[in-house]
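Everything in the sequence shown is counted per the working numbering, starting at 508 for the first residue and increasing by one. This report refers to the structure that appears directly beneath it.
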Amino acid sequence: MNVFRLCGDMLHLMSIMLLVFKLHKSKSCVGVSCRMQELYALVFIFRYFDLLWSFISVYNTVMKLVFLTSTIYLVYLMRMKPPISQ
Numbered sequence: 508m509n510v511f512r513l514c515g516d517m518l519h520l521m522s523i524m525l526l527v528f529k530l531h532k533s534k535s536c537v538g539v540s541c542r543m544q545e546l547y548a549l550v551f552i553f554r555y556f557d558l559l560w561s562f563i564s565v566y567n568t569v570m571k572l573v574f575l576t577s578t579i580y581l582v583y584l585m586r587m588k589p590p591i592s593q
């Protein structure tokens with residue numbers, strides 16, 4: 508396990524968790540680009556398409572699935588959940 512990859516994955520995971528926390532707490536996505544999150548989701552879908560035919564490690568598979576599902580969940584929160592009235 509490469510320590511730099513582990514640090515990068517944990518920072519990426521922490522940033523996604525902070526964004527989900529912000530969206531749940533404020534119930535608003537002001538300042539966050541939904542279009543950019545949709546593009547991230549597309550990038551992750553195509554980048555992690557190899558999950559269907561190759562297995563590298565449990566850690567690699569779990570992290571890919573976490574990044575993919577959390578990004579799709581962010582898009583869901585931005586698109587489908589109704590915002591609060593201000």
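Glycine residues also receive a C-beta, built at the ideal position from the N, C-alpha and C atoms. Since this is a predicted model, take the numbers as computed values, not measurements.
Give me the Cβ distance between valine 527 and serine 577, rounded to the nearest whole Å; I'm assuming they're in contact under 8 Å. Separation of the CB atoms of valine 527 and serine 577 is rounded to 7 Å, and the pair is thereby assigned contact status at 8 Å.
Flag this pair as yes or no: are the beta carbons of leucine 575 and tyrosine 555 separated by less than 7 Å? The criterion of a C-beta distance shorter than 7 Å is satisfied by leucine 575 and tyrosine 555.
Have a look at serine 564 and tyrosine 583 and give me their C-alpha separation to the nearest angstrom. Their backbone Cα atoms lie some 29 Å apart in a straight line.
Drop a sphere of 10 angstroms on the beta-carbon of leucine 469, count the other beta-carbons inside from all chains shown, and report buried for 16 or more, exposed for fewer. Coverage of the chain is limited to positions 508 through 593, which leaves residue 469 absent and any answer about it impossible.
CB of lysine 571 within 7 Å of CB of leucine 559, strictly: No, the pair does not count as a contact, with Cβ atoms beyond the cut-off.
Go through its chain and collect everything with a Cβ distance to cysteine 536's Cβ below 8 Å, but skip five positions before and after it. When the five nearest sequence neighbours on each side are left out, the beta carbons in the same chain lying within less than 8 Å of the beta carbon of cysteine 536 are those of Leu530, Leu584, Met585 and Pro590, in order along the chain.
Proximal residues to glycine 515 (C-beta, below 7 Å), its chain only, five neighbours per side dropped: Within the same chain, and ignoring the five residues on either side of glycine 515 in sequence, no residue has its Cβ closer than 7 Å to its Cβ.
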